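Working notes, structure below.
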Amino acid sequence: MNQLLSIEELTGDQIRELLALGHKLKAERGHHTTQPLAGQTWALIFSKSSTRTRVSFEVGIAELGGRPMFLSTRDIQLGRGEPIKDTARVLGRMIHGAVIRTYGQDEVVDFAKYSNLPTINALTDQEHPCQILADLLTLEEKYGVGAWKDMKIAFLGDVDNNMGRSWMWAAKHLGFTLALAGPEQALPKADTLTALNYEGIICTTDAVEAVRDAVIINTDTWISMGQEAEKGTKEQAFFPYQVNAELLKHAAAGHSVFHCLPAYRGYEITDDVLENHAPVIFSEAENRLHAQKAVLYTLATSR
């Protein structure tokens, strides 16, 4: 494994190995026996603002012995129109790896190609692989290693987004059932489902049907970065998919609610539900650190 550009490109075995390493690194935090990034500088190239992603990567790189260097596109020539392939060629001669949080998936792919560096997708409009790894790590902490194989997992709201697509590929690679519920216009497109070619994906406009007997109920903001102009029309269409106490009556006993944060209380999730499930939701946030350290460790030791 030389890159992490998407969940789609991983295998089930690679996901399981990253999760096992994430658990190990979490248990060893503060007394790692090896620092595979010692002497290395890793650039964090961000076109989108961030709290969890920036902090978890800066801390993770430092804890593995490396030096993080934050580069906002507002501060470098990339933000003034320099092609990503030119930025990549320059940085590829100076740094040791890159973490990119941006809009287009092609930007991450091109950076990896032209820089010849280990490159991590820290979020694009297409996928959010680091968050899915953190979610799976959290699931295993609560329910046991490999517990997803016997689960139904539900994802509600704008399911044709980066989180929805990453969950779909994880479902295929690991073999669990994933129910996606949202308004018709927000369901996965036919070409996405054709590419997946996996019968364990359920798409429905019925929120109750998606949540029925689900152990994990997952949601995300209805308005992704860059979609603010759609706020009014989206909110009206998405309120039937709000995760609230009434909807959760249909979930499996012992269920958990996941949210990748930031959360907009009163919209995709109610305040009472978020507070009731805060321990697991904020464990997801913490586990970004440990899942990403597993990715960094793997990329550093695979070269």
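For reference, each letter of the sequence shown is one residue, going 53 to 355 in the numbering used here. C-beta: ideal position from N, C-alpha, C; glycine also. Since the model is a prediction, treat every value here as computed from it, not as a measurement.
{"query": "Residues near Ala140 in its chain [Cβ-Cβ closer than 6 Å; skip 5 each side]", "result": "Phe163, Tyr166, Ser167"}
{"query": "Within 8 Å, strictly: CB atoms of Val295 and Val325", "result": "yes"}
{"query": "Cβ neighbours of Ser354 in the same chain (closer than 7 Å, five flanking residues each side left out)", "result": "Met53, Asn54"}
{"query": "Residue burial classification, Asp210 (beta-carbon count within 10 angstroms, cutoff 16)", "result": "buried"}
{"query": "Enclosing beta strand (DSSP E) for Asn270 [first to last residue]", "result": "268-271"}
{"query": "Beta-carbon contacts of Val267 that lie in its chain and below 6 Å, excluding the five residues immediately before and after", "result": "Met203, Ala304, His307"}
{"query": "For Arg264, the three-state DSSP class (helix, strand or coil)", "result": "coil"}
{"query": "Residues near Phe109 in its chain [Cβ-Cβ closer than 7 Å; skip 5 each side]", "result": "Leu96, Pro120, Val151, Ala174, Gln344"}
{"query": "Contact set for Leu130: own chain, Cβ-Cβ below 6 Å, skip 5 residues either direction", "result": "Thr139"}
{"query": "Beta-bridge pairing of Pro120 - partner residues as DSSP gives them", "result": "Trp94"}
{"query": "Contiguous alpha helix (DSSP H) assignments of at least 4 residues, all confined to the stretch 54-93", "result": "64-79"}
{"query": "Residue(s) in a DSSP beta bridge with Gly149", "result": "Trp94"}
{"query": "Ile147 versus Pro181 - alpha carbon distance", "result": "23 Å"}
{"query": "Beta-carbon gap between Glu320 and Trp274 smaller than 8 Å", "result": "yes"}
{"query": "Range covered by the beta strand (DSSP E) that runs through Phe163", "result": "Element bounds for Phe163: not the beta strand (DSSP E) but the alpha helix (DSSP H), 157-167."}
{"query": "When Pro240, Glu251, Glu298 are compared against Ala259, the one with the closest alpha-carbon", "result": "Glu298"}
{"query": "Collapsed DSSP secondary structure at Thr256 in the structure displayed", "result": "strand"}
{"query": "Secondary structure of Asn213, DSSP reduced to three states", "result": "coil"}
{"query": "At least 3 beta-carbon pairs within less than 8 Å: the stretch 240-250 vs the stretch 209-225", "result": "yes"}
{"query": "Of the listed residues Ile128, Gly82, Cys255, nearest to Val111 (C-alpha basis)", "result": "Gly82"}
{"query": "Simplified DSSP state of Lys204, which is helix, strand or coil", "result": "strand"}
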